[in-house]
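**Q**
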Amino acid sequence: MDRSEVVRREYTFGDTSLSIYSRKYAEDTTKVSISMQLTVEQIWGSEKEVAVGKETGAAAPAPDLLGLDIWPGALALCNYLAMHPSLVGCRRVLELGAGMGLPALLAAKLGCSSALLTDYEPLVLELAAENIRLNGVGDIAATHRLDWEDPQGTLAPGHPHSFHVVLAADVLYISDIVLPFVGMLQTLLHPEGIALVAHQTRRPLVLDPETGVPGLSRRDEPYEAFQAAVRAAGLVPRQLGALDAGGSAGPLYLSALAWEQAYIATLEPVARLRPLKG
Numbered sequence: 012m013d014r015s016e017v018v019r020r021e022y023t024f025g026d027t028s029l030s031i032y033s034r035k036y037a038e039d040t041t042k043v044s045i046s047m048q049l050t051v052e053q054i055w056g057s058e059k060e061v062a063v064g065k066e067t068g069a070a071a072p073a074p075d076l077l078g079l080d081i082w083p084g085a086l087a088l089c090n091y092l093a094m095h096p097s098l099v100g101c102r103r104v105l106e107l108g109a110g111m112g113l114p115a116l117l118a119a120k121l122g123c124s125s126a127l128l129t130d131y132e133p134l135v136l137e138l139a140a141e142n143i144r145l146n147g148v149g150d151i152a153a154t155h156r157l158d159w160e161d162p163q164g165t166l167a168p169g170h171p172h173s174f175h176v177v178l179a180a181d182v183l184y185i186s187d188i189v190l191p192f193v194g195m196l197q198t199l200l201h202p203e204g205i206a207l208v209a210h211q212t213r214r215p216l217v218l219d220p221e222t223g224v225p226g227l228s229r230r231d232e233p234y235e236a237f238q239a240a241v242r243a244a245g246l247v248p249r250q251l252g253a254l255d256a257g258g259s260a261g262p263l264y265l266s267a268l269a270w271e272q273a274y275i276a277t278l279e280p281v282a283r284l285r286p287l288k289g
């Protein structure tokens with residue numbers, strides 16, 4: 012990746028600061044994602060069409076580089092962890108779809124025993140590794156390439172049900188990845204562990220069947236599929252809070268998941284998250 016496309020940003024969560032390299036031209040992804048709800052699916056869909064179009068020949072699939080940006084869910088999740096550092100203290104932490112790794116890096120600074128940042132795209136992991144070095148947590152944190160479609164891949168055999176805390180922020184942007192994501196939770200979450208999932212509602216543009224006028228759907232299909240999938244998997248969900256993003260955007264949800272209600276029953280709910288700034 013051209014270094015001219017990368018910028019260093021500073022974030023503060025409670026008393027803890029992080030320095031993060033991320034993609035330069037997305038100067039305020041958090042605001043863009045709220046004002047333009049179709050951004051994620053349109054980008055992903057366009058990349059997919061280019062990759063599989065009839066005229067592409069043997070061209071390699073376009074990489075999914077959304078992880079190079081900083082998304083609202085990551086900031087909201089970091090704010091919650093900063094308010095409740097005991098959740099990660101001395102625990103093994105895994106971040107799924109880590110991107111630039113803010114939540115996992117914060118967990119490392121808050122005293123977790125280990126933090127594993129996982130993603131699929133090599134370019135994303137390369138920059139995440141730089142963020143580990145930049146924040147001086149290389150003795151605790153590491154990166155790992157993880158394919159959710161391969162539940163028996165390189166990570167699961169050595170770490171079955173071994174992570175006390177699993178973090179994920181803004182990873183449920185298309186319905187196709189919901190079941191693989193929940194499969195990772197089933198495979199990797201410790202029997203007494205918790206998962207914290209932050210999700211910014213993204214509603215697709217649909218045509219009114221009667222008028223033909225386009226408008227934003229009332230439904231967030233990936234999140235609906237996620238809610239159904241976690242219950243089918245035997246996980247117990249609990250919503251900790253939601254932020255009203257205003258305008259046409261739907262809320263940003265912070266949810267906790269566990270194998271038994273007892274492990275999430277005492278988690279403090281949040282009346283208001285602060286996802287728009289670190």
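In this note's numbering, the protein residues as written are 12 to 289.
Heads up, the beta-carbon is just placed ideally off N, CA and C, and yes, glycines get one too.
1) Pick out the complete beta strand (DSSP E) segments inside the stretch 135-199, 3 residues or longer, and give them in chain order.
2) What is the C-beta distance between W270 and A180, in whole angstroms, given that I count them as a contact (C-beta under 8 Å)?
3) Measuring CB to CB, does L190 end up less than 8 Å from A206?
4) Using the three-state DSSP reduction, which class does P96 fall into: helix, strand or coil?
5) What's the C-alpha gap between Y234 and A243?
6) Leaving out five residues before and five after E21 in sequence, what residues of the same chain have Cβ atoms less than 7 Å from its Cβ?
7) In three-state DSSP terms, what is E16?
8) How many angstroms separate the CA atom of A152 from the CA atom of R19?
9) Counting C-beta neighbours from all protein chains within 10 Å, is the total for P114 16 or more, i.e. buried, or is it exposed?
10) Mind checking which residues open and close the alpha helix (DSSP H) that includes R242?
11) Is it true that the CB of D80 sits closer than 8 Å to the CB of S33?
12) Could you give the first and the last residue of the continuous alpha helix (DSSP H) run that contains L113?
13) If you compare alpha carbons, which of L183, V193 and D130 is closest to L268?
14) Which residues in the same chain have their Cβ closer than 6 Å to the Cβ of V182, if we skip the five residues on either side of it in sequence?
15) By DSSP's criteria, E106 is part of a beta bridge. Which residues make up the other side?
16) Which partner residues of G252 appear in the DSSP bridge assignment?
17) Using alpha carbons as the reference points, say which of L136, D161, E203 and S173 lies closest to I188.
18) Might you give, ordered along the chain, the residues of its own chain that have their beta carbon closer than 7 Å to the beta carbon of G149, omitting 5 neighbours on each side?
19) Does DSSP put W55 in a helix, in a strand, or in coil?
20) Looking only at C-alpha atoms, which of L178, D130 and L246 sits nearest to A274?
21) With distances taken between CB atoms, is the gap from S266 to P248 smaller than 8 Å?
22) I need the straight-line Cα distance from H201 to L105, nearest angstrom please.
23) Quick one: is C123 buried, meaning 16 or more other Cβ sit within 10 Å of its Cβ, or exposed?
24) Can you give me the C-alpha to C-alpha distance between L77 and K35, rounded to a whole angstrom?
25) Can you check DSSP and say which residues form a bridge with V208?
26) Please go through the same chain and pick out, in chain order, the residues whose beta-carbon is closer than 6 Å to the beta-carbon of G112, but skip the five residues on each side of it.
27) When the distance is taken between beta carbons, is A93 closer than 8 Å to A209?
28) Within 10 Å of its beta-carbon, does A71 have 16 or more other beta-carbons around it, so buried, or fewer, so exposed?
29) Identify, in the order they occur along the chain, each residue of the same chain with its Cβ nearer than 6 Å to the Cβ of F237, setting aside the five sequence neighbours on each side.
30) What are the partner residues of V281, as DSSP defines its beta bridges?
**A** In brief:
1) 152-156 and 174-180
2) Stepping through the sequence shown from its first residue, residue 270 is reached at position 259. Stepping through the sequence shown from its first residue, residue 180 is reached at position 169. In fact, because the Cβ distance is near 21 Å, the residues do not count as touching under 8 Å.
3) Working through the sequence shown from its first residue, we reach residue 190 at position 179. Working through the sequence shown from its first residue, we reach residue 206 at position 195. Taking 8 Å as the Cβ cut-off, L190 and A206 do not qualify as a contacting pair.
4) Here residue 96 is taken as the residue at index 85 of the sequence shown, counted from 1. Helix.
5) In the sequence shown, residue 234 corresponds to position 223, counting from 1. In the sequence shown, residue 243 corresponds to position 232, counting from 1. For Y234 and A243, the distance between alpha carbons rounds to 14 Å.
6) For the purposes of this step, residue 21 is taken as the residue at position 10 of the sequence shown. The residues are S28 and S30.
7) Translated into the one-based positions of the sequence shown, residue 16 becomes position 5. It is helical.
8) As a working mapping, residue 152 is identified with position 141 in the sequence shown. As a working mapping, residue 19 is identified with position 8 in the sequence shown. Looking at the two C-alpha atoms, the distance is approximately 19 Å.
9) Working through the sequence shown from its first residue, we reach residue 114 at position 103. So P114 counts as buried.
10) Along the sequence shown, read from residue 1 onward, the residue named residue 242 stands at position 231. Residues E232 to A243.
11) Against the sequence shown, residue 33 aligns to sequence position 22. Against the sequence shown, residue 80 aligns to sequence position 69. Taking 8 Å as the Cβ cut-off, S33 and D80 qualify as a contacting pair.
12) To locate residue 113, count along the sequence shown from 1; it is residue 102. Run containing L113: L113 to K120, per the alpha helix (DSSP H) assignment.
13) Taking the first residue of the sequence shown as position 1, residue 268 is located at position 257. Of the candidates L183, V193 and D130, the one whose C-alpha sits nearest the C-alpha of L268 is V193.
14) Numbered from its first residue, the sequence shown carries residue 182 at position 171. Correct list, in chain order: G108.
15) For this step, residue 106 is matched to residue 95 along the sequence shown. When beta bridges are read from the DSSP output, E106 appears opposite L128 and L178.
16) Here residue 252 is taken as the residue at index 241 of the sequence shown, counted from 1. L265, per the DSSP bridge assignment.
17) Numbered from its first residue, the sequence shown carries residue 188 at position 177. If we check each option's Cα against that of I188, D161 comes out closest.
18) Numbered from its first residue, the sequence shown carries residue 149 at position 138. For G149, where only same-chain residues beyond five positions count, the Cβ hits under 7 Å are I143.
19) Numbered from 1 along the sequence shown, position 44 holds the residue referred to as residue 55. Low confidence applies here, because W55 scores a pLDDT of 42, under 50, leaving its location unreliable; read the following figure in that light. Here W55 sits in helix by DSSP.
20) Walking along the sequence shown from the start, residue 274 turns up at place 263. In the sequence as displayed, the identity of residue 274 is Tyr instead of Ala. The candidate whose alpha carbon is nearest that of Y274 is L246.
21) The count along the sequence shown starts at 1 and reaches residue 266 at position 255. The count along the sequence shown starts at 1 and reaches residue 248 at position 237. In contact: S266 and P248 (Cβ atoms closer than 8 Å).
22) Residue mapping note: residue 201 aligns to position 190 of the sequence shown, counting from 1. Residue mapping note: residue 105 aligns to position 94 of the sequence shown, counting from 1. Approximately 11 Å between the Cα atoms of the pair.
23) Stepping through the sequence shown from its first residue, residue 123 is reached at position 112. Label assigned to C123: buried.
24) As a first step, residue 77 is located in the sequence shown; it is residue number 66 there, counting from the start. As a first step, residue 35 is located in the sequence shown; it is residue number 24 there, counting from the start. Separation of L77 and K35 (C-alpha to C-alpha, rounded to the nearest whole angstrom) is 12 Å.
25) Indexing the sequence shown from 1 puts residue 208 at position 197. Its beta-bridge partners are A179 and S266.
26) Here residue 112 is taken as the residue at index 101 of the sequence shown, counted from 1. If we look at G112 and ignore the five residues flanking it on each side, its Cβ neighbours are L128, A139 and N142.
27) Within the sequence shown, numbered from 1, the residue matching residue 209 stands at position 198. Within the sequence shown, numbered from 1, the residue matching residue 93 stands at position 82. The answer is no: Cβ separation not under 8 Å.
28) Position 60 of the sequence shown, counted from the first residue, corresponds to residue 71. Low per-residue confidence applies at A71: pLDDT is 45, beneath 50, and the placement is therefore not dependable enough to give any value.
29) As a position in the sequence shown, residue 237 is number 226, starting the count at 1. If we look at F237 and ignore the five residues flanking it on each side, its Cβ neighbours are L183 and V189.
30) On the sequence shown, position 270 is the one that residue 281 refers to. None, per the DSSP bridge assignment.
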